[in-house]
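Colleague: Here's a structure for you.
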């Protein structure tokens, strides 16, 4: 049904602060290029120097807007934590995270998940990326095969490549992974080292896996003996009024554990904290606890654990999360309205359950990599993540983020995008 | 010359906060066991619940003393940094560390190294452990062989095992790695993926590699095409009056880069910060910059970078480092005096150039693993790291840390150790 294209990873940001410009891996050559960002950069911080809306609406940016970053709140939490007088706060930390923090986190998650979370099943990480890295280091070996949904988070594929793992993608339905396609692989003897899934408000589709599929997926993991890594970064970021099913770990009633649920404070508090958690059976966590790397370093980010601990206990985390869910929902609504107004006939988009992204489908046979190149070459001042990045069958799709730009800017971007599609298709 | 023993890793601490007691990997069974620590633990923080001196002097503990942890100073640095009003401080960070922080770090290191350091050669890590992990993930593949000194940091071997690497150890001389032994391996065609060395105030010997050997080692890396990872965690921790040779990266004048110098704030500021740096040719750093993991997570620990940035700029780091060098020197002197007083004839120790550790040599043929078991079985209330952990030829050696206990406690420990040696040898 879909056209097949080679996968290309486009890195469309200009990393900050480097002169001459850094190597932009896989960047499609552009001529003419957009105006370079001002020097010195607007801020000394940030991963990328993201252009202002007049220069470019870069819908690829999967980061919170600057205005969403809770600096006042984190300042309060840090001041609260640094009232601490126990100097051991600065010592090498307990490997799975300090117990009072994990208990506080468990209480917070139990309330928001509406499902009980035990502190002993939690293991503090450097965010979802850190959790994936730790898991892969301890459990996976280069050359092994892992499964992921098609489409999937494009950088998860890059992380698995860092560990030399081969990724096989399994198609998705509107209610999550296609179980028949997965079973066909398993019955054919193709058992992955693990399966990576984004069960709730999936990136890039915005879809949420049904309860029935969650149960079935966990049963298949138990039956065939593979772990399931659930990237639940959007579990708490469904839109207000949208009830997420329980996290995947809730379905794991196996003796030895099958599911590793990964969570993160990056998108529910602040990315720069580099803090997140795993939730899994202690038997799974034990091998991670015992690794040489953590024996050497002690626990992950104890000082930041402390600051986030205060953010939770002071109610800052809950208040910020409530506000953020509304902000993201409002931004999605604004983008959806603008897309509805500006996208030409034949171009559609999917309604997400939450998260950061909208998946747009161009007419069948359209190559969104070529379209993105066209946009840059003809200075359409709009950019996005082409579908080939997240799945070979998604060549005529593109991903738009609604987290970064405000409503007015997104309306400008949607209009630019609509006009660009019309121009590209009429070539 | 030395007796050969199988390598055993002893984990002699009781990790904090777990009931029932956690699995203590490789712990030699002990009967009777020391009294369990009080519950609840004395502190909610820390990697291990380290017994008080009346119960045990655990010379294995390679951590700063509680009294050395600069909580007031870090509180000041955090308060200074959180006066920040740029919300992008909380965004995903620039992958190699934010430029102003790296420039500040470069200035600090240039002064203390007495050798110029360029911000563009620096890459922020989660400490030496984090740097090793990042390097191994990007550059090494399971099954490859790496070289290390014999003896070496016992947990570096465990970290390499996490990545499936085989470690071959090369003997050391008083002035560093035995170049002839290394050349013999290389000439025989045994080229490692990389060589791991601790050039200054080496763990566990306290030795410092000579300038001539530094130059020769780098030349061999360039000639045979292998990287040299220099763990320079003690480079700034030589005793007052002991001038360290320039860091290993200083000797790297190759076009593409051979040396990766790893530094850390764990032992010059505070372990819980989980912050350190790599210094290397940008060509080496580029592959790390480009990995999927960091593309996904952004830079490492931006908030902690900010706090340490303030600690450097406010002079807190320099003041603390000066004080810490003196503290460690004083503690070493106290331990050396006590060892001189209490060790029986035939047992010697090596005078370190700095760092955290003293290497003690028991009479030839003595098995320090058996001796440690003896100490626990007969309740000698003293513990140490047996030499087999850091090198197969070091079966009659043991490592003592002087960072953790104060002078009075170390004197007690040295007396216990001396008596225990006499008792063990007279069995």
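Chains as they are written, first to last, in this note's numbering: chain D, 965 to 1391; chain Z, 965 to 1391.
Don't be surprised by glycine CBs; every beta carbon is placed ideally from N, CA and C.
Nothing here was measured: the structure is a model prediction, and the numbers come from that model.
Give me the subset of the segment 1013-1037 of chain D whose CB atoms are less than 8 Å from a CB atom of chain Z, sorted by chain position.
Modeller: 1027, 1028, 1030, 1031, 1033, 1034 and 1035
Colleague: Among the candidates D/1211, D/1048, D/1119 and D/1224, whose CA atom is the shortest distance from the CA of residue 1174 of chain D?
Modeller: Comparing Cα-Cα distances from residue 1174 of chain D to each of D/1211, D/1048, D/1119 and D/1224, the minimum goes to D/1211.
Colleague: With DSSP as the reference, label residue 972 of chain Z as helix, strand or coil.
Modeller: Any answer about residue 972 of chain Z is weak, because its pLDDT of 31 lies below 50 and its placement is not dependable; what the coordinates show is given next. The answer is coil: DSSP assigns residue 972 of chain Z none of H, G, I, E or B.
Colleague: What residue range does the alpha helix (DSSP H) around residue 1169 of chain D cover?
Modeller: That residue, residue 1169 of chain D, is in no alpha helix (DSSP H); it is neither H nor E in DSSP.
Colleague: Could you check whether the Cβ of residue 1090 of chain Z sits closer than 9 Å to any Cβ belonging to chain D?
Modeller: yes
Colleague: Any beta-carbon of chain Z closer than 9 Å to the one on residue 1232 of chain D?
Modeller: no
Colleague: Against chain A, with Cβ distances strictly below 9 Å, would residue 1217 of chain Z count as a contact?
Modeller: Looking for chain A here will not work: the only protein chains present are D and Z.
Colleague: Give a yes or no on whether 9 Å exceeds the smallest Cβ distance from residue 1281 of chain Z to chain D.
Modeller: It does not: the Cβ of residue 1281 of chain Z has no partner Cβ on chain D nearer than 9 Å.
Colleague: Under a Cβ-count criterion, where at least 16 other Cβ atoms within 10 Å of its own Cβ denotes burial, should residue 1085 of chain D be classed as buried or exposed?
Modeller: buried
Colleague: Just confirm the distance between the C-beta atoms of residue 1178 of chain Z and residue 1317 of chain Z, as a whole number of angstroms; I'd bet it's less than 8 Å.
Modeller: 14 Å between Cβ atoms; not a contact.
Colleague: Over what stretch of residues does the alpha helix (DSSP H) that includes residue 1136 of chain Z continue unbroken?
Modeller: Where residue 1136 of chain Z is concerned, there is no enclosing alpha helix (DSSP H), although the beta strand (DSSP E) it sits in stretches over 1130-1137.
Colleague: Buried or exposed: which applies to residue 1078 of chain Z, given that a residue is buried once 16 or more other Cβ atoms fall within 10 Å of its Cβ?
Modeller: exposed
Colleague: Can you find a CB in chain D that lies within less than 9 Å of the CB of residue 1357 of chain Z?
Modeller: no
Colleague: Quick one: using the 10 Å Cβ neighbour count with 16 as the cut-off for buried, is residue 1345 of chain Z buried or exposed?
Modeller: buried
Colleague: Of all the residues that make up the segment 1277-1307 of chain D, which are near chain Z by a beta-carbon distance shorter than 9 Å?
Modeller: Contact annotation: in the segment 1277-1307 of chain D, no residue has its CB less than 9 Å from a CB in chain Z.
Colleague: Taking CB distances under 9 Å as the criterion, tell me whether residue 1009 of chain D reaches chain Z.
Modeller: For residue 1009 of chain D, a Cβ of chain Z is located within less than 9 Å of the residue's own Cβ.
Colleague: So residue 1351 of chain D packs on residue 1332 of chain D, CB below 8 Å; how close in whole Å?
Modeller: 5 Å
Colleague: Write down every uninterrupted run of the beta strand (DSSP E) in the segment 1307-1358 of chain Z whose length is 3 residues or greater and which is fully enclosed by it, in chain order.
Modeller: 1321-1325
Colleague: Starting from the beta carbon of residue 1178 of chain Z, find every residue of chain D whose beta carbon is closer than 9 Å, and list them in chain order.
Modeller: Residues of chain D passing the Cβ test: none, with the nearest at roughly 25 Å.
Colleague: Please classify residue 1056 of chain Z: does DSSP put it in a helix, a strand, or coil?
Modeller: The answer is coil: DSSP assigns residue 1056 of chain Z none of H, G, I, E or B.
Colleague: Any C-beta of chain D within less than 7 Å: which residues of the segment 1050-1076 of chain Z qualify?
Modeller: Listed by position along the chain: 1050, 1051, 1052, 1053, 1054, 1055, 1056, 1057, 1058, 1059, 1062, 1063 and 1064.
Colleague: Among Z/1153, Z/1214 and Z/1242, which one has its Cα closest to the Cα of residue 1190 of chain Z?
Modeller: Closest option to residue 1190 of chain Z, Cα to Cα, is Z/1153.
Colleague: Which word fits residue 1068 of chain D, buried or exposed, when buried means at least 16 other C-beta atoms lie within 10 angstroms of its C-beta?
Modeller: buried
Colleague: So is residue 1096 of chain Z in contact with chain D if we call contact Cβ pairs under 9 Å?
Modeller: yes
Colleague: Within the 9 Å Cβ cut-off, does residue 1260 of chain D reach chain Z?
Modeller: yes
Colleague: Within 8 Å, do at least three Cβ pairs link the segment 1041-1060 of chain D to the segment 1270-1290 of chain D?
Modeller: With a cut-off of 8 Å, the segment 1041-1060 of chain D and the segment 1270-1290 of chain D count as touching, because enough Cβ pairs lie within range.
Colleague: So which residues on chain Z does residue 1126 of chain D lean against when the C-beta distance must stay under 8 Å?
Modeller: Here the neighbours are 1101, 1102, 1255, 1256 and 1257.
Colleague: Mind checking if residue 1342 of chain Z is an interface residue toward chain D, Cβ cutoff 9 Å exclusive?
Modeller: no
Colleague: Is there at least one Cβ from chain Z nearer than 9 Å to residue 1268 of chain D's Cβ?
Modeller: yes
Colleague: For residue 1130 of chain Z, decide whether its Cβ has a neighbour in chain D, counting only Cβ atoms nearer than 9 Å.
Modeller: For residue 1130 of chain Z, the answer is no, since every Cβ of chain D falls outside 9 Å of its Cβ.
Colleague: DSSP puts residue 1158 of chain Z in a beta bridge; with which residues?
Modeller: Z/1191
Colleague: Applying the 10 Å Cβ sphere with the 16-neighbour rule, what's the burial state of residue 1148 of chain Z?
Modeller: exposed
Colleague: For residue 1039 of chain Z and chain D, any beta-carbon pair shorter than 9 Å?
Modeller: yes
Colleague: From residue 1108 of chain D to residue 1124 of chain Z, what does the alpha carbon distance come to, in whole angstroms?
Modeller: 19 Å
Colleague: May I ask you to verify whether the segment 1207-1225 of chain D touches the segment 1289-1309 of chain D, counting CB pairs closer than 8 Å and requiring at least 3?
Modeller: no
Colleague: Restricting to runs no shorter than 3 residues, where is the beta strand (DSSP E) found entirely within the segment 1042-1124 of chain D?
Modeller: 1086-1089 and 1109-1114
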